[in-house]
Amino acid sequence: MKDLSYPLILLFFMLRTILSGQNVVSTVDGLLYLDGTPVSISIEEGKIIDIKPLPDSRPRPQVFVAPGLIDIQINGYLGVDFTGEQLNLEGMRSATRALWKEGVTTYLPTVITAGHERLYKNFAILAQAMEDDEIGPSIPGFHLEGPYISPVAGFRGAHLEKYIRAPDWKEFTAYQQAAKGGIKLLTLAPEAEGAMPFIHRLIKDNIVVSLGHHNGSAAEIKQATFAGASLSTHLGNGCANEINRHNNPIWPQLSEDGLSISIIADGFHLTRDEVRSFYKAKGVDKTILVSDALDLAGLEPGEYVRGERTVVLTPNVIKFPAENVLAGAASPIRLCVGNMMAFTQCSLAEAIRMASTNPAALMQLEDRGLLKTGKRADLVLFTLEEGEMVVHQTIVSGKVVYRK
Ligand SMILES: [Zn+2]
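Numbers 45 to 448, taken from my numbering, label the letters of the sequence shown in order.
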């Protein structure tokens with residue numbers, strides 16, 4: 045009998061190459077987001093190998109091309125709550141695919157204040173997602189927001205008071221082990237007991253430290269920055285409604301040169317004037333757009349029950365209908381890009397910088413956040429329609445992951 049194993053193996057490898065290669069692109073034409081010039085981007089093995097002016101012989105592209113969007117604060121998407129009890133790998137896959145449709149090529153799943161078991165369990169699931177062949181390239185790490193934040197009403201926001209605690213290195217190490225080292229960003233309150241030595245240890249472990257949900261004094265903010273904190277989490281939110289006009293956490297965070305800020309420019313969480321003022325104080329280099337979207341984002345608008353309360357998802361934000369107050373964000377950052385341009389008159393290039401280049405730099409993701417030879421081919425192709433960024437195609441590592 046003839047041995048059939050060799051031709052069968054050969055066929056298997058040929059089929060695998062064809063199947064896995066079907067979405068791989070080698071050239072992308074588009075209008076460069078920096079200045080609108082038509083360019084052709086060559087891609088090989090998932091990386092940008094060349095960017096050159098588009099030859100006149102080729103049709104002029106109708107879409108802009110920019111580095112993929114990077115969201116460092118997102119709590120969930122399409123009904124998948126990254127802190128939720130139901131979290132599993134399949135949910136992570138559907139949330140990631142839904143984010144690709146919004147032009148997001150990289151994100152840090154954000155886990156907020158919860159009990160010990162939940163944090164431990166969910167970080168283990170996120171670690172699986174980070175190593176997953178399909179979605180892993182879009183998940184370089186995670187953001188832990190809490191539980192070491194202010195327990196005071198207003199400052200703690202929607203975080204559950206009963207789970208808020210003082211920084212505990214042993215406890216954090218257990219989460220980091222469950223996360224297989226994936227926790228890359230941590231939001232805490234600088235006034236929490238033991239925060240300063242805790243920040244020192246985080247920085248030593250190369251974890252980015254952000255100040256958020258806090259009522260730190262100017263001295264505490266300065267000290268935390270000196271210890272290595274480099275960001276303020278969603279500045280202007282996670283703050284009580286009534287604060288002292290002189291001594292409040294917002295001024296020192298705005299004036300502190302060592303701190304960048306993240307902002308939720310969804311048009312609901314900050315007023316237009318807050319966005320403009322924060323942007324003027326920090327400038328384009330130190331401003332980062334985040335969605336801070338809740339799990340309901342991406343679902344059909346309507347009423348949803350969360351715990352014992354009913355919330356209403358409008359297309360762009362989540363509200364408590366009875367009080368008509370905000371319950372959470374639901375705008376993917378592509379919408380914040382358009383808002384930022386409308387609110388501040390910044391250019392498209394500047395808005396993309398705040399939604400891709402700056403978060404990549406903050407998180408030391410050196411392979412992304414820019415359209416440059418040698419960078420990973422993470423691209424978003426889009427049009428601007430009435431000021432809104434409309435995604436036509438998303439490419440991760442040279443592979444088309446979404447096409448309109
Ligand atoms: Zn928050």
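Think of the CB as a built atom: it goes at the ideal place given N, C-alpha and C, for glycine as much as any other residue.
When DSSP reads this structure, Glu-429 sits in a beta bridge with Glu-432. Remark: the shortest separation between the CB of His-258 and any heavy atom of ligand 1 does not fall under 7 Å.
Residue state for Gly-180 is assigned as helix, using DSSP reduced to three classes. Residue environment: Asp-177 is assigned as exposed (fewer than 16 neighbouring CB atoms within 10 Å of its CB, all protein chains considered). Going by DSSP, Ala-158 is part of no alpha helix (DSSP H) at all; its letter is neither H nor E. When the alpha-carbon of Ser-274 is set against those of Leu-246, Ser-194, Arg-102 and Lys-165, the nearest one is in Leu-246. The C-beta distance from Trp-213 to Tyr-446 rounds to 41 Å, too long to meet the 8 Å contact threshold. The C-beta distance from Ile-307 to Leu-279 rounds to 6 Å, short enough to meet the 8 Å contact threshold.
DSSP places Ala-233 in the coil class of the three-state scheme, outside both helix and strand. Per the DSSP secondary-structure output, Ala-337 pairs in a beta bridge with Ala-373.
Taking a cut-off of 8 Å on C-beta distances, the region 407 to 417 touches the region 89 to 103, as three or more cross pairs fall below it. In the three-state scheme derived from DSSP, where H, G and I count as helix and E and B as strand, Gly-120 is classed as strand. Beta-bridge pairing by DSSP links Tyr-446 to Thr-438.
In this chain, the beta strand (DSSP E) harbouring Val-361 covers 361 to 364.
A distance criterion of 7 Å places the beta-carbon of Glu-318 beyond contact range of ligand 1, judged by its closest non-hydrogen atom. Ranked by Cα distance from Gly-226, the first of Leu-163, Pro-105, Leu-357 and Leu-298 is Leu-163. Burial is judged here by how many other beta carbons sit within 10 angstroms of a residue's own beta carbon; Phe-270 has fewer than 16 and is exposed.
With fewer than 16 other Cβ atoms from the protein chains shown falling within 10 Å of its own Cβ, Ser-101 counts as exposed. In terms of Cβ geometry, Thr-154 and Asn-119 form a close pair [threshold 8 Å]. Relative to ligand 1, Asp-79 has its C-beta separated by 7 Å or more from all heavy atoms.
Secondary structure note for Leu-133: its alpha helix (DSSP H) is the uninterrupted segment 133 to 145.
Counting along the chain, the unbroken alpha helix (DSSP H) around Leu-246 starts and ends at 239 to 248.
When DSSP states are grouped into helix, strand and coil, Ile-308 belongs to the coil group. Residue pairing of Arg-350 in beta bridges, as defined by DSSP: Arg-353. In terms of side-chain proximity, the C-beta atom of Thr-157 is found no nearer than 7 Å to any non-hydrogen atom of ligand 1. Taking every protein chain shown into account, the CB of Thr-358 has fewer than 16 other CB atoms within 10 angstroms, so this residue is exposed. Annotated three-state conformation of Gly-74 is strand, per DSSP.
Take Leu-113, set aside five residues on each side of it, and the residues of its chain with a beta-carbon closer than 7 Å to its own are Gly-147, Val-148, Thr-149, Ile-377, Arg-378, Ala-399, Ser-400 and Val-424, in chain order.
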